[in-house]
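Undergrad:
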Amino acid sequence: MEPKTDNTAHLTLEFGPCLKKILKEKRVSASELARMMNYKSRNSIFRILSGESSHSARKAFYTRLTQEDPLSLDEKQRQRLEQALEISRIGMKDYLGNQAMRVLLTCSASKPACRTVRIETANDNPQDPGFRKEIEAAACAQRVHLTIMGCCDRAIFDALHDWLDRRDKGCEVKVVHVIYTGSEEIVRNIAAIQPLLYCDFYDAYCMEPNMVSRERECVYRCSCIYAHVQDAQGDWYDRQLLLIDQGVFVPMCRIPTGDNSPIRTCFMQDLKRMPPLKKMFDKAMDDSGYLDFARECLSMEHNRAIYMIKLDVPLSFVQPDIVASCIMDGFAQKETLEDMIRVHRRRFDKSSTKKKVSHVIFSREAMERFARTGRQSDHFFALRSYTPEERVRILRNLREHEERNPNFHVHFFEEGYQQPSAEVGLFEGVGTLMAKPYTDYKLTGEHAETIITQKEFCARYKAYFMNDLLERHVMNRRDTLAVLDELIETAGNA
Numbered sequence: 009m010e011p012k013t014d015n016t017a018h019l020t021l022e023f024g025p026c027l028k029k030i031l032k033e034k035r036v037s038a039s040e041l042a043r044m045m046n047y048k049s050r051n052s053i054f055r056i057l058s059g060e061s062s063h064s065a066r067k068a069f070y071t072r073l074t075q076e077d078p079l080s081l082d083e084k085q086r087q088r089l090e091q092a093l094e095i096s097r098i099g100m101k102d103y104l105g106n107q108a109m110r111v112l113l114t115c116s117a118s119k120p121a122c123r124t125v126r127i128e129t130a131n132d133n134p135q136d137p138g139f140r141k142e143i144e145a146a147a148c149a150q151r152v153h154l155t156i157m158g159c160c161d162r163a164i165f166d167a168l169h170d171w172l173d174r175r176d177k178g179c180e181v182k183v184v185h186v187i188y189t190g191s192e193e194i195v196r197n198i199a200a201i202q203p204l205l206y207c208d209f210y211d212a213y214c215m216e217p218n219m220v221s222r223e224r225e226c227v228y229r230c231s232c233i234y235a236h237v238q239d240a241q242g243d244w245y246d247r248q249l250l251l252i253d254q255g256v257f258v259p260m261c262r263i264p265t266g267d268n269s270p271i272r273t274c275f276m277q278d279l280k281r282m283p284p285l286k287k288m289f290d291k292a293m294d295d296s297g298y299l300d301f302a303r304e305c306l307s308m309e310h311n312r313a314i315y316m317i318k319l320d321v322p323l324s325f326v327q328p329d330i331v332a333s334c335i336m337d338g339f340a341q342k343e344t345l346e347d348m349i350r351v352h353r354r355r356f357d358k359s360s361t362k363k364k365v366s367h368v369i370f371s372r373e374a375m376e377r378f379a380r381t382g383r384q385s386d387h388f389f390a391l392r393s394y395t396p397e398e399r400v401r402i403l404r405n406l407r408e409h410e411e412r413n414p415n416f417h418v419h420f421f422e423e424g425y426q427q428p429s430a431e432v433g434l435f436e437g438v439g440t441l442m443a444k445p446y447t448d449y450k451l452t453g454e455h456a457e458t459i460i461t462q463k464e465f466c467a468r469y470k471a472y473f474m475n476d477l478l479e480r481h482v483m484n485r486r487d488t489l490a491v492l493d494e495l496i497e498t499a500g501n502a
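Note that the sequence shown covers residues 9 to 502 in my numbering.
(1) Touching or not, the segment 205–222 and the segment 177–193, by the rule of three or more beta carbon pairs under 8 angstroms?
(2) Closer than 8 angstroms is the cut-off here; do at least three beta carbon pairs connect the segment 276–283 with the segment 321–331?
(3) DSSP state of residue 424, grouped into three classes?
(4) Need the endpoints of the alpha helix (DSSP H) that residue 466 sits in, please.
(5) Run the CB neighbour count on residue 387, radius 10 Å, all protein chains shown included, and call it buried at 16 or more, exposed below.
(6) Below 8 angstroms on the Cβ atoms is my contact criterion, and I expect residue 125 with residue 163 to pass it. Report the Cβ-Cβ distance as a whole number of Å.
(7) Between the alpha carbons of residue 22 and residue 489, how many angstroms are there, rounded?
(8) So, is residue 240 buried or exposed, given that buried needs 16 or more other C-beta atoms within 10 angstroms?
(9) Output the distance between the C-alpha atoms of residue 505 and residue 70, rounded to the nearest integer angstrom.
(10) Exposed or buried, what is residue 498 when buried is set at 16 or more other beta-carbons lying within 10 Å of its beta-carbon?
(11) How many Å lie between residue 72 and residue 485 at the Cα?
(12) In whole angstroms, what separates the C-alpha of residue 310 from that of residue 482?
(13) If I measure Cβ to Cβ from residue 158 and keep anything under 8 angstroms in the same chain, skipping five residues before and after, which residues do I get?
(14) Roughly how many angstroms separate the alpha carbons of residue 372 and residue 286, rounded to a whole number?
(15) If you compare alpha carbons, which of 107, 318, 31, 89 is closest to residue 418?
(16) Ignoring anything shorter than 4 residues, give me the alpha helix (DSSP H) runs that lie fully in the segment 372–446, in order along the chain.
(17) Just list the alpha helix (DSSP H) runs in the segment 299–376, keeping only unbroken ones of 4 residues or longer that don't cross its boundaries, in chain order.
(18) Quick check on residue 203: does DSSP put it in helix, strand or coil?
(19) Are the beta-carbon atoms of residue 389 and residue 446 separated by less than 8 angstroms?
(20) Per DSSP, what kind of secondary structure is residue 456 in: helix, strand or coil?
(21) Pick helix, strand or coil for residue 25, following the three-state DSSP scheme.
(22) Taking all protein chains shown into account, do 16 or more other C-beta atoms lie within 10 angstroms of the C-beta of residue 355, making it buried, or fewer, making it exposed?
(23) Taking the DSSP output, what are the residues bridged to residue 155?
(24) Run through the DSSP bridge pairs and tell me what residue 287 is partnered with.
(25) Would the segment 396–405 and the segment 74–90 be scored as touching if the rule is three or more Cβ pairs under 8 angstroms?
(26) Quick check on residue 491: does DSSP put it in helix, strand or coil?
(27) Alpha carbon to alpha carbon, what distance is there between residue 201 and residue 92?
(28) CA-CA distance, residue 13 and residue 426?
(29) Take residue 28 and list the residues in its own chain whose beta-carbon comes closer than 6 angstroms to its own, dropping the five residues that flank it on each side.
(30) So the candidates are 409, 346, 332, 377; which of them puts its Cα closest to the Cα of residue 367?
(31) Here's a check: name, in chain order, each residue in its chain whose Cβ is nearer than 8 angstroms to the Cβ of residue 379, leaving out the five neighbours to either side.
(32) Residue 209: which of 24, 172, 347, 193 sits nearest, CA to CA?
(33) Strictly by DSSP, which residues pair up with residue 212?
(34) DSSP puts residue 127 in a beta bridge; with which residues?
(35) Based on DSSP bridge pairs, tell me the residues matched to residue 482.
(36) Within the same chain, show all residues whose beta-carbon is closer than 8 angstroms to that of residue 422, passing over the 5 residues directly before and after it, in chain order.
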């Protein structure tokens, strides 16, 4: 069962103090609990309450306590104990980091409940918030250059994304965003900027702790938006908005923010020291575009540890002769096709022979769909569907490597776990790649992905992957091999 977030003070408690608090609420002593659970010695209970017991002992006690239920625990008390059990296992910092990462990966492809973003002025009609007026005015502009500091609120970025959808097609847009990356804020911040994360006009930079003076850091951490706008008549105007509360801006005084302004001059100097948050792939709009993309993937995968969340079989795990057969009619240029197959063969060979570890977590539902239909969730646009025979070979190859290759590990999410909605992979030493699923890698269409290069984010993703997903939410190896056998049988009978 996946623990639900309980935003109370109980969240900060480890298992022993949490149990002690619940015993107090129930007016039951440790000795009474020991008798109720038929413990021969009270010491086991006292060791748990004092935090001296091992995690396995705490987990066994929790399982027995919830099954026998001598305390008649309500749902919130069970949730508190389950959270406390995990906090005791990995520590509060990693627990909060994992929770933030889970929210990011499960909500990245969906739009949360909309909250109003507004500008507070004396003349604003509450039914027609000023922020919407600003957005609608900018939608008709020729050029809009935004400098954003902080403002990592999902509602703000949803509003900005909605404005981009409504803007005139000829409007030139440039967004430069400075994000503070200290502590666990980085995960929450990336969750907030999801609506613009994949846009090529959106550039985010990392304001690392102690990078500039304390005074200047305060300026960058003061959430505000500077807009430099050329309207439909060709006139430029500037607008500055300061975020004073969640979803509430106030207008700042009209000081110049153009190319020669003191603010911009200072900002551009500091920007040179700020590492970019992300890297985008350069994509051409023809057959050669995917070839360049595949070459970049080869470079990124080469001799690196990989920790990947994927719906079903990635193309790099498909045997080269199968890909060559499936792709014959998909490429217009024969020379490009031959180069593509050569690059793919190198990717396939390196994925199974490299000495660095690879972990891939699949969705069982998506893999079953692949076994039945021969189409991947992201089925490369130039490929025909795989035949039943080809599917069997692909799946058998996965099973063989899982069974025999000590560096190659296949996993499935356990039944009932809320799986991430994004496809994510850490390529150690490069960054964490995030991609929108179900785009068939149509580089001229919906496909979008970016690599988060910020080191703290990559470290937190790896901790989440290893200490949360692999530790608690995937099938054991025996069941994994059994599922692969079932998939092979399904593909063979398709």
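Glycine included, C-beta positions come from ideal geometry on N, C-alpha and C. Please read these numbers as outputs of a predicted model, since none were measured by experiment.
TA: On the basis of the supplied data:
(1) Judged by pairs of C-beta atoms under 8 angstroms, the segment 205–222 touches the segment 177–193, as three or more such pairs exist.
(2) When C-beta atoms of the segment 276–283 are compared with those of the segment 321–331, fewer than three pairs fall below 8 angstroms, so the two segments do not count as touching.
(3) The three-state secondary structure of residue 424, taken from DSSP, is coil.
(4) Here the alpha helix (DSSP H) through residue 466 covers 463–472.
(5) Burial call: buried.
(6) Contact between residue 125 and residue 163 is confirmed by a C-beta separation of about 5 angstroms, below the 8 angstroms threshold.
(7) In this structure, the straight-line span from the alpha carbon of residue 22 to that of residue 489 is close to 36 angstroms.
(8) When all chains shown are included, residue 240 counts as exposed.
(9) Since the displayed the chain opens at 9 and closes at 502, residue 505 lies outside it and no answer follows.
(10) So residue 498 counts as buried.
(11) Taking the straight line from one Cα to the other gives about 26 angstroms.
(12) Taken atom to atom, the span from the alpha-carbon of residue 310 to that of residue 482 is near 26 angstroms.
(13) 186, 187, 188, 228, 229, 230, 231, 232, 251.
(14) Cα-Cα distance, rounded: 30 angstroms.
(15) The residue with the shortest Cα to Cα distance from residue 418 is 318.
(16) Runs of alpha helix (DSSP H) with 4 or more residues, each lying fully within the segment 372–446, are found at 372–381, 396–412, listed in chain order.
(17) Those alpha helix (DSSP H) runs which fall completely within the segment 299–376 and span 4+ residues are 328–335, 342–361.
(18) The answer is helix: DSSP assigns residue 203 an H, G or I state.
(19) Judged by beta-carbon spacing, residue 446 lies beyond the 8 angstroms limit of residue 389, meaning their Cβ atoms are not closer than that value.
(20) Correct three-state label for residue 456: coil.
(21) Three-state result, residue 25: helix.
(22) Looking at its Cβ environment, which holds 16 or more other Cβ atoms inside 10 Å, residue 355 is buried.
(23) 184, 234, per the DSSP bridge assignment.
(24) The partner list for residue 287 (beta bridge, DSSP) reads 459.
(25) Contact annotation: the segment 396–405 does not touch the segment 74–90, with fewer than three C-beta pairs closer than 8 angstroms.
(26) DSSP places residue 491 in the helix class (H, G or I) of the three-state scheme.
(27) If I take the Cα positions, the gap works out to 30 angstroms.
(28) Summary for residue 13: the model assigns pLDDT 44, below 50, so the residue's position carries little reliability, and this model does not support an answer.
(29) Cβ neighbours of residue 28 beyond the five flanking positions: 57.
(30) Of the listed residues, the one whose Cα sits closest to residue 367 is 409.
(31) Taken in chain order, the residues that qualify are 399, 403, 495, 496, 498, 499, 502.
(32) The shortest C-alpha separation from residue 209 is found at 172.
(33) The partner list for residue 212 (beta bridge, DSSP) reads 185.
(34) BP columns for residue 127 point to 257.
(35) BP columns for residue 482 point to 421.
(36) Excluding residues within five positions, the ones whose Cβ falls inside 8 angstroms are 481, 482, 483.
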